[in-house]
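Visitor: Here the sequence shown is numbered in our numbering, starting from 14 and rising by one per residue.
Note that beta-carbon positions come from the ideal geometry of N, C-alpha and C, so glycine has one too.
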Amino acid sequence: MDRSGFVKLAVIALGLVVLSFFVRGISRIVLSVETAELLQAPIAVVGFVLLVYLFVRATLDYVGIWKIENPDA
């Protein structure tokens with residue numbers, strides 16, 4: 014994985030978390046609260062797991078165990 018791929022994944026992860034809030038808010042208008050939470054949960058979990066992966070990957074890069082390639086170098 015190079016740095017541009019890392020940034021793309023970070024933007025996707027943050028987008029998924031924000032999308033989950035929109036899904037919950039919009040679906041609460043039409044559906045019940047429990048149903049809205051059920052629709053929101055998978056999106057939020059995927060986004061959160063992706064953010065945790067990126068955090069671990071960045072930490073391992075900082076320590077020097079698993080480098081993220083720099084395409085400019």
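Rounding to the nearest angstrom, what Cα-Cα distance links ALA63 and ARG16 in this structure?
Guide: According to the sequence as given, residue 63 is Leu; it is not Ala. Straight-line measurement puts the Cα of ARG16 at about 16 Å from the Cα of LEU63.
Visitor: Exposed or buried, ALA26, counting other C-beta atoms within 10 Å across all chains shown (16 or more means buried)?
Guide: With 16 or more other CB atoms across the displayed protein chains lying within 10 angstroms of its CB, ALA26 is buried.
Visitor: So, helix, strand or coil for ASP85, using DSSP?
Guide: coil
Visitor: Check this for me: beta carbons of LEU67 and ALA23, under 8 Å apart or not?
Guide: yes
Visitor: If you drop the 5 nearest sequence neighbours on each side, which residues of the same chain put their C-beta closer than 6 Å to that of ALA49?
Guide: Within the same chain, ALA49 has close Cβ partners ARG37, SER40, ARG41.
Visitor: Does ILE56 pass the burial test, meaning 16 or more other C-beta atoms within 10 Å, or should it be called exposed?
Guide: buried
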